[in-house]
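Letter by letter, the sequence shown follows residues 10 to 410 of the working numbering.
The beta carbon of each residue, even a glycine, is placed where N, CA and C say it ideally should be.
Presented below is the structure to which this report refers.
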Amino acid sequence: MTPAASFRTAGALAALAVWVLTGACAVRTRVDSVDAAVQRALRFLVSRQSSDGAWRSEVYGGLKDGVALTPPILKLLRFAPVSDRGTRPAITLGTRYLMSWVARDGKIRPEGQGLAFPVYAGALAAVVVGLDGRDAEHARARKAWLDYVLDYRLSSSLGWGPADAGFGGWGYSPHPPRRPASGASSYEANLSATVFGIAALRQAGIAADDPVYGEIAAFVERCQNFAAAPEQGDPRFDDGGFFFTPCDPARNKAGGAGADRFGRERFNSYGSATADGLRALVRCGRSPRDPRVSSARRWLLGHFSAASNPGRFAPDREVLRDATYYYYAWSVAHAFMALDERGAAATARAEALAREIVSRQQPDGSWRNRFTDAKEDDPLVATPLAAAALVICRQTLEPRF
Numbered sequence: 010m011t012p013a014a015s016f017r018t019a020g021a022l023a024a025l026a027v028w029v030l031t032g033a034c035a036v037r038t039r040v041d042s043v044d045a046a047v048q049r050a051l052r053f054l055v056s057r058q059s060s061d062g063a064w065r066s067e068v069y070g071g072l073k074d075g076v077a078l079t080p081p082i083l084k085l086l087r088f089a090p091v092s093d094r095g096t097r098p099a100i101t102l103g104t105r106y107l108m109s110w111v112a113r114d115g116k117i118r119p120e121g122q123g124l125a126f127p128v129y130a131g132a133l134a135a136v137v138v139g140l141d142g143r144d145a146e147h148a149r150a151r152k153a154w155l156d157y158v159l160d161y162r163l164s165s166s167l168g169w170g171p172a173d174a175g176f177g178g179w180g181y182s183p184h185p186p187r188r189p190a191s192g193a194s195s196y197e198a199n200l201s202a203t204v205f206g207i208a209a210l211r212q213a214g215i216a217a218d219d220p221v222y223g224e225i226a227a228f229v230e231r232c233q234n235f236a237a238a239p240e241q242g243d244p245r246f247d248d249g250g251f252f253f254t255p256c257d258p259a260r261n262k263a264g265g266a267g268a269d270r271f272g273r274e275r276f277n278s279y280g281s282a283t284a285d286g287l288r289a290l291v292r293c294g295r296s297p298r299d300p301r302v303s304s305a306r307r308w309l310l311g312h313f314s315a316a317s318n319p320g321r322f323a324p325d326r327e328v329l330r331d332a333t334y335y336y337y338a339w340s341v342a343h344a345f346m347a348l349d350e351r352g353a354a355a356t357a358r359a360e361a362l363a364r365e366i367v368s369r370q371q372p373d374g375s376w377r378n379r380f381t382d383a384k385e386d387d388p389l390v391a392t393p394l395a396a397a398a399l400v401i402c403r404q405t406l407e408p409r410f
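Right, here's the structure in full:
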């Protein structure tokens, strides 16, 4: 090699090294920003823990029972990549609180009937107790919470069948939703509660080939704007996205989309529901190459927004778009993680979402939504969602050399 060629090669290598180091420093700066925000959130949350280990709302009476808010906060504390010196004691105390709800007969205490959000609370309680320990005491408590969650699924044991729109899923009933003999019922199933129910099953090690997943997946499919064959659908509506529930039209936040060519009432797809739907399909054993999963992925990629819950909302529902912003951020981060999205585009999405979430953090380390419909104006609701989304974004941003 001539001296000139050697000089050019050395110069190119030096330039490459500078480029790599500059990129690595930029990534490190972004990760450090996320870590700092998460640590502020942890300090805020630990400071709000009650002496018995529970977290209770100071905003909503229905969230003062101790069970509604404690599991999601504990899950965040356990998975956060940074920690506050009070984190480990808070986890221990909080987990003990959840385990104290198990009665001597191995079931959840009677006052567990009538909780405001039993599926959310019970599912995450089963998850965090299972993560905390594998000894007999923890296994007993995890089973109690899992059995509690299963009692709330719209299943054949409660009189439901495949002809019922909610069959297979979970909903918001404060009591086990037994199907009335008349068939007329106010009970519903929805994607959000169902995603939480699936999480409890998976963490408990319920085998992927268990028939329960087939029943759950059938409900999830009823929430997707998707046609298996062109003659079965209507391209004006079948965009691959999801809506919240086929059981109660009023609960679909994006509202109605009109009637399709078969005269069926259809609903707008939107971001938080589509993220939930994709996650549910994957957790029920569907491959990322499954047509339904692929279709939902295309919808999320095509509509992704870091600043708002995407989708076409009916004019009278527009006010609800960002009432679930932090839930959307949390679920869409999980959805991309479930798909194992990598590369520059995935990094750009994670960076945009993390930057937006960090910019919304309050000086005390919390997050609060200005909209009240989904109770995200309560910092004990919004903060674990926002911080958990950041933790997932960090996994994409973290350099791996």
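Assuming residue i contacts residue j under a Cβ cut-off of 8 Å, what Cβ separation, rounded to an integer in Å, is found between them?
{"i": "residue 135", "j": "residue 154", "result": "4 Å"}
{"i": "residue 315", "j": "residue 365", "result": "4 Å"}
{"i": "residue 207", "j": "residue 157", "result": "Rounded, the Cβ-Cβ distance is 15 Å, inconsistent with contact."}
{"i": "residue 371", "j": "residue 379", "result": "That belief does not hold up - the Cβ atoms of residue 371 and residue 379 are roughly 12 Å apart, past 8 Å."}
{"i": "residue 263", "j": "residue 307", "result": "Rounded, the Cβ-Cβ distance is 18 Å, inconsistent with contact."}
{"i": "residue 84", "j": "residue 137", "result": "5 Å"}
{"i": "residue 49", "j": "residue 374", "result": "3 Å"}
{"i": "residue 287", "j": "residue 209", "result": "At roughly 19 Å, the Cβ-Cβ gap does not stay under 8 Å, so residue 287 and residue 209 are not in contact."}
{"i": "residue 318", "j": "residue 331", "result": "6 Å"}
{"i": "residue 203", "j": "residue 229", "result": "7 Å"}
{"i": "residue 402", "j": "residue 359", "result": "4 Å"}
Whose CA, out of the options, lies closest to the CA of residue i?
{"i": "residue 257", "options": "184, 180, 381", "result": "180"}
{"i": "residue 261", "options": "89, 278, 68, 370", "result": "278"}
{"i": "residue 175", "options": "367, 231, 348", "result": "231"}
{"i": "residue 119", "options": "185, 73, 84", "result": "185"}
{"i": "residue 328", "options": "101, 313, 381", "result": "381"}
{"i": "residue 361", "options": "162, 254, 398", "result": "398"}
{"i": "residue 99", "options": "139, 53, 129", "result": "53"}
{"i": "residue 340", "options": "396, 41, 325, 294", "result": "396"}
{"i": "residue 148", "options": "127, 104, 303, 171", "result": "104"}
{"i": "residue 254", "options": "347, 164, 198", "result": "198"}
{"i": "residue 73", "options": "58, 195, 303", "result": "58"}
{"i": "residue 282", "options": "195, 137, 331, 252", "result": "252"}
{"i": "residue 102", "options": "319, 55, 209, 93", "result": "55"}
{"i": "residue 86", "options": "60, 44, 265, 229", "result": "44"}
{"i": "residue 338", "options": "309, 351, 353, 349", "result": "309"}
{"i": "residue 267", "options": "323, 291, 250", "result": "323"}
{"i": "residue 384", "options": "40, 219, 60, 78", "result": "78"}
{"i": "residue 272", "options": "280, 297, 241", "result": "241"}
{"i": "residue 127", "options": "159, 146, 142", "result": "159"}
{"i": "residue 142", "options": "349, 108, 90", "result": "108"}
Just reading off the alpha helix (DSSP H) that residue i is part of, what are its end residues?
{"i": "residue 131", "result": "127-141"}
{"i": "residue 97", "result": "96-108"}
{"i": "residue 268", "result": "Residue 268 -> not in any alpha helix (DSSP H); beta strand (DSSP E) instead, spanning 265-268."}
{"i": "residue 152", "result": "145-159"}
{"i": "residue 356", "result": "353-368"}
{"i": "residue 340", "result": "334-347"}
{"i": "residue 87", "result": "79-88"}
So what does DSSP say about residue i, is it helix, strand or coil?
{"i": "residue 402", "result": "helix"}
{"i": "residue 179", "result": "strand"}
{"i": "residue 390", "result": "helix"}
{"i": "residue 286", "result": "helix"}
{"i": "residue 228", "result": "helix"}
{"i": "residue 311", "result": "helix"}
{"i": "residue 204", "result": "helix"}
{"i": "residue 251", "result": "strand"}
{"i": "residue 220", "result": "helix"}
{"i": "residue 371", "result": "coil"}
{"i": "residue 117", "result": "strand"}
{"i": "residue 326", "result": "helix"}
{"i": "residue 47", "result": "helix"}
{"i": "residue 162", "result": "strand"}
{"i": "residue 233", "result": "strand"}
{"i": "residue 91", "result": "coil"}
What's the C-alpha gap between residue i and residue j?
{"i": "residue 167", "j": "residue 187", "result": "5 Å"}
{"i": "residue 336", "j": "residue 343", "result": "11 Å"}
{"i": "residue 97", "j": "residue 289", "result": "31 Å"}
{"i": "residue 248", "j": "residue 234", "result": "6 Å"}
{"i": "residue 400", "j": "residue 189", "result": "43 Å"}
{"i": "residue 129", "j": "residue 246", "result": "30 Å"}
{"i": "residue 64", "j": "residue 124", "result": "15 Å"}
{"i": "residue 368", "j": "residue 122", "result": "39 Å"}
{"i": "residue 391", "j": "residue 224", "result": "31 Å"}
{"i": "residue 312", "j": "residue 215", "result": "34 Å"}
{"i": "residue 345", "j": "residue 67", "result": "33 Å"}
{"i": "residue 33", "j": "residue 47", "result": "Bear in mind that the predicted position of residue 33 carries a pLDDT of just 48, short of 50, making it too unreliable to give a figure here."}
{"i": "residue 406", "j": "residue 173", "result": "43 Å"}
{"i": "residue 219", "j": "residue 259", "result": "33 Å"}
{"i": "residue 140", "j": "residue 115", "result": "19 Å"}
{"i": "residue 164", "j": "residue 170", "result": "7 Å"}
{"i": "residue 388", "j": "residue 81", "result": "13 Å"}
Note the first and the last residue of the continuous beta strand (DSSP E) segment covering residue i.
{"i": "residue 275", "result": "274-276"}
Following a CB-centred definition, is residue i positioned closer than 8 Å to any heavy atom of the ligand ZN?
{"i": "residue 370", "result": "This structure simply doesn't include the ligand ZN, nor any ligand for that matter."}
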